[in-house]
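A short write-up of the structure that comes next.
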Amino acid sequence: MNKVINESEDHFFSSKKSISDIKGTFFVGITQLAVILIIAILFVILGIIIYQGRSKFSWEFISSFPTNGMTEGGIFPALIGTFILVIVMSIAAVPFGTITALYLTEYASENSKFAAAVRFSVRTLAVVPSIIFGLFGLGFFIQFLGAGADTAFNGGELRWGQPNILWASLTMSLLTLPVIIVSVEEALKTIPRELREASLALGATKWQTIKNVVLPGSVSGIMTGTILAVSRGAGEVAPILFTGAAYYLATLPGSLSDQFMNLGYHIYIMSTQSSDVEKTMPIQFATTLVLLILTLSLNVVAVLIRSRIRRNAK
Amino acid sequence: MNTQMPIKQTFTEESLKKQFRLSEFLAEKIISSVAFLSIAIIFLIFIFVFKESLPLFSFGSDAKAKTEINATTEAKPETYGAEPTEELKPESYGAEPTEELKPESYGDTPKEDLKPETYGSEPVSQEDLKPEAYGDTPKEDLTVASADETMDAVSENQEGADKTWSTFFTTEWVPVSENPRFGLLALLFGTLKVTIIAMLIAGPLAVLAALYTSCFASKRVKEIIKPIIEMLAAFPSVVIGFFALMVLATFFQDVFGYESRLNAFIGGVAMALAAIPIIYTISEDALAAVPKTYTEASLALGASKWQTAFFVVLPAATPGIFAALLLGVGRVFGETMIALMATGNAALSSLNPFESVRTFAATIGSEMAETVFGDTHYSVLFFIGSLLFIFSFALNAVAEFYVKGKLLKKFQGK
């Protein structure tokens, strides 16, 4: 009797297992396929852009002005414009972001409602569509601050109340703020509690501890945040559409109240509003390649620094 | 006891009191007020985006006088050097009510709008004779003519307010014409269509990939896959849009053989690429946060690895995955550059996924540069902006509070 039951049970289990095995391979296969598909798409995009852009991609392309109604020549002013944009943006966003992160990790208590509100607004900033930042830049920086400053100081003469590189950079700094805050916060959290306690026990005040112990320890975190923010800021176009990016400029921007050319905006303009889209195709792909190299390499650097911070924390 | 006595005496109540140090006090105050700024920014964004759309809400004649004062003072710095000496030309608003005009325009509107290949430039051809301004508007505005135009627009704005509202719930988006119509429904329809297509592609792909990463992949494979997929987030949206415009559009047209090269489907595919890293990262975090005891209990009961993954881990992480999908929707809904470059930008409302559409964000992006400050069109675009802001704010709030609360409860076994 016993034996029979065992046999039938065995049989039962084994048959079920084989069905389950087939199902199992199927389901695991699907998930595997999803991963492979995503990675394949990524490399296809990269591959096509590199393949199409490589013929035009050269030092001369990077270092010369566009000529002949933007159908020939290089992207030098767009590249410089992008650099100025991210530099001014970092100058505004990095201190602001670092201090907010300091507040969240060092000063805010666990159950503080205020800190929760700050966290919530930072996360909201991260999900607000980038075009809204553009509208805000136009409504607040240009129409309100800029035009206000013009009436107050310039006697109504138009200087700041129009799109320019300063307003574009400030708009962009709001967009990249969450990136910096999150990175710095993460880095601050990896600094061991013992270090802070040792400093406090030696009689240092809270601010002295932050200044001499916490901040030096989080330099690499601030760097990661800055690099990620720069990578993001270099690629975003929507916020600068109406806050300062220009279609074509014959000269480089000389002051903060000038407009500027931008790599991403250049791609957008060239591919949608160029007089001869077919002819400028290699230029467009090469410009995209330059932008992609810029953002991807910055990202890789940030990821490497971050993984080093994590390893040190362990 | 004896040895402790002298020490005890040195700590008087006075000395134990926290000393007031100015630098400490200042540092704390400055740091928390800077932190407060990020809350302030959120409010400022809403206030200033919404403020520009306020003229739309001034109904009737009571508000008229007030608007006039506001409008003229606000318009002043916008005249760019040219003094607004010109008299206010009373505009002919088209005496006919909008309802009468509508049946007439059914015939010709599609013709105006059916230009899927305009690549984000204005879809309306009626008043396009004026020089086009791509972002460098101020140069255009330096002319006297535009100052004149501003005044016209302002005066039109006052009486146009309630007329504008009546056109909001129609499906015609013809902002630049003798009789402008702002049918937000057409844009809403287009935005939803693209969002649905994008989420149908990105949602399953990203969640399944996250499931593989957190449940099946070995540690080494995981360390390779994760950064690569997250690398997709570093692709600027203008690059994805460009890729869709140049490569995907041609490729899919060859495969499916539909008519308009740029359409909702292409836009959806491209936006899926933008949404995948967000959905992937957040749902991977949610899956990894499922307590190990769940997995171990399931495995101990004899379930296989895939059964555990699909019937234990995945259901346990549902709230987190839901949050991931919500944030993905938020990203697609507000995506501008991809919509501008890949969707064709014609406000058609048909169910066919291979027709051109126009989304909210793309409308703002492509038309803002051509509007005049204070114009109804300008206000409507800002109004769309505040709608988008409210929507993304609400999505984030839901993802944050509702989902997190649920997740916590679940893991605490309540």
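Heads up: the sequence lines are chains A and B, in that order.
Here this note's numbering is used: the first residue of the first sequence is 1, the next is one more, and so on.
Here this note's numbering is used: the first residue of the second sequence is 1001, the next is one more, and so on.
Ideal Cβ positions, reconstructed from N, Cα and C, are used throughout, including at glycine.
The structure displayed is predicted, hence computed values, not measured ones.
How big is the Cα-Cα spacing for residue i and residue j?
i	j	result
phenylalanine 1354 of chain B	alanine 1397 of chain B	34 angstroms
lysine 56 of chain A	threonine 1371 of chain B	37 angstroms
isoleucine 22 of chain A	tyrosine 1294 of chain B	24 angstroms
leucine 292 of chain A	valine 1239 of chain B	8 angstroms
glycine 1203 of chain B	alanine 1289 of chain B	20 angstroms
tyrosine 1402 of chain B	lysine 1409 of chain B	11 angstroms
alanine 1272 of chain B	glycine 217 of chain A	39 angstroms
leucine 1232 of chain B	methionine 1368 of chain B	29 angstroms
phenylalanine 1322 of chain B	serine 1214 of chain B	17 angstroms
proline 282 of chain A	glycine 53 of chain A	6 angstroms
glutamate 1078 of chain B	tryptophan 160 of chain A	Interpretation of glutamate 1078 of chain B is limited by its pLDDT of 39, a score under 50 that renders its predicted location unreliable; the figure taken from the coordinates is listed afterwards. Between glutamate 1078 of chain B and tryptophan 160 of chain A, the C-alpha separation is close to 12 angstroms.
glycine 1120 of chain B	phenylalanine 1389 of chain B	Legend: pLDDT at glycine 1120 of chain B = 38, less than 50; position of this residue unreliable, value from coordinates given subsequently. Computed Cα separation, rounded: 22 angstroms.
phenylalanine 1242 of chain B	leucine 174 of chain A	25 angstroms
If you run the structure through DSSP and keep just helix, strand and coil, what is residue i?
i	result
methionine 1259 of chain B	The amino acid occupying residue 1259 of chain B in the given sequence is glutamate; methionine does not appear at that position. It is coil, neither helix nor strand.
proline 192 of chain A	coil
threonine 67 of chain A	strand
arginine 1358 of chain B	coil
valine 1174 of chain B	strand
glycine 73 of chain A	strand
glycine 1344 of chain B	strand
proline 1138 of chain B	Only weak support exists for where proline 1138 of chain B lies, its pLDDT of 36 falling under 50; the value from the coordinates is given anyway. Three-state result, proline 1138 of chain B: helix.
alanine 1316 of chain B	helix
phenylalanine 242 of chain A	coil
arginine 1181 of chain B	strand
phenylalanine 114 of chain A	helix
phenylalanine 57 of chain A	coil
phenylalanine 43 of chain A	helix
phenylalanine 260 of chain A	strand
tyrosine 1212 of chain B	helix
lysine 1089 of chain B	A caution first: lysine 1089 of chain B carries a pLDDT of 36, below 50, which makes its placement in the model unreliable, though a value can still be read off. If DSSP states are grouped into helix, strand and coil, lysine 1089 of chain B belongs with coil.
tryptophan 207 of chain A	helix
lysine 1404 of chain B	helix
asparagine 1352 of chain B	coil
Would you say residue i lies against chain B (beta-carbon separation less than 7 angstroms)?
i	result
serine 271 of chain A	yes
tyrosine 107 of chain A	yes
serine 121 of chain A	yes
tryptophan 160 of chain A	no
asparagine 299 of chain A	yes
tryptophan 167 of chain A	no
isoleucine 19 of chain A	no
valine 303 of chain A	yes
phenylalanine 83 of chain A	no
threonine 280 of chain A	no
alanine 313 of chain A	no
Residue i: which of the options sits nearest, CA to CA?
i	options	result
threonine 171 of chain A	A:Thr67, A:Gln284, A:Leu135, A:Tyr51	A:Leu135
isoleucine 48 of chain A	A:Val303, A:Arg311, A:Glu185, A:Phe285	A:Phe285
glutamate 1400 of chain B	A:Ala117, A:Gly81, A:Ile19, A:Asp21	A:Ala117
valine 219 of chain A	A:Gly24, A:Ile30, A:Ile191	A:Ile191
tyrosine 242 of chain A	A:Leu125, A:Ile305, A:Gly139	Checking the sequence shown, residue 242 of chain A turns out to be phenylalanine, not tyrosine. For phenylalanine 242 of chain A, the nearest C-alpha among the options comes from A:Gly139.
alanine 1316 of chain B	B:Val1332, B:Met1341, B:Gly1190, B:Ala1286	B:Ala1286
serine 169 of chain A	A:Met261, A:Gln32, A:Val44	A:Met261
leucine 102 of chain A	A:Ile131, A:Leu215, A:Thr288, A:Phe27	A:Leu215
alanine 40 of chain A	B:Phe1389, B:Ala1297, B:Ala1209	B:Ala1209
arginine 123 of chain A	B:Ile1045, B:Ser1038, B:Thr1336	B:Ser1038
alanine 1264 of chain B	B:Gly1190, B:Gly1365, B:Phe1389, B:Pro1055	B:Gly1190
threonine 315 of chain A	A:Pro163, A:Ser183, A:Thr82, A:Leu125	Lying outside 1 to 314, the shown extent of chain A, residue 315 of chain A is not represented and no answer is given.
phenylalanine 1391 of chain B	B:Phe1043, B:Glu1284, B:Val1034, B:Gly1330	B:Gly1330
leucine 1326 of chain B	B:Ile1279, B:Gly1405, B:Thr1308	B:Ile1279
Any heavy atom of the ligand GDP inside 6 angstroms of the beta-carbon of residue i?
i	result
arginine 123 of chain A	The model depicted lacks the ligand GDP and carries no ligand whatsoever.
Any beta carbon from chain A within less than 7 angstroms of residue i's own beta carbon?
i	result
tryptophan 1173 of chain B	no
valine 1403 of chain B	no
glutamate 1024 of chain B	yes
glutamate 1086 of chain B	Its pLDDT being 37, under 50, glutamate 1086 of chain B is placed unreliably in this model, and the coordinates cannot settle the point.
alanine 1198 of chain B	no
isoleucine 1390 of chain B	no
tyrosine 1212 of chain B	yes
cysteine 1188 of chain B	For the record, residue 1188 of chain B in the displayed sequence is leucine; it is not cysteine. For leucine 1188 of chain B, the answer is no, since every Cβ of chain A falls outside 7 angstroms of its Cβ.
aspartate 1113 of chain B	Here aspartate 1113 of chain B scores only 38 on pLDDT, less than 50, and its place in the model should not be relied on; the value that follows carries that caveat. False, the Cβ-Cβ gap to chain A never drops below 7 angstroms.
Would you be able to state if there are at least three C-beta pairs under 8 angstroms between the stretch 90-99 of chain A and the stretch 215-233 of chain A?
yes
Below 8 angstroms, how does it come out for the stretch 244-254 of chain A and the stretch 67-87 of chain A: are there three or more Cβ pairs, yes or no?
yes
Do the stretch 1182-1200 of chain B and the stretch 1244-1260 of chain B touch if we need at least three Cβ pairs shorter than 8 angstroms?
no
Pair every Cβ in the stretch 1306-1315 of chain B with every Cβ in the stretch 1333-1344 of chain B, then say whether three or more of these pairs are closer than 8 angstroms.
Contact check between the stretch 1306-1315 of chain B and the stretch 1333-1344 of chain B: fewer than three CB pairs, one atom from each, fall below 8 angstroms, which does not count as touching.
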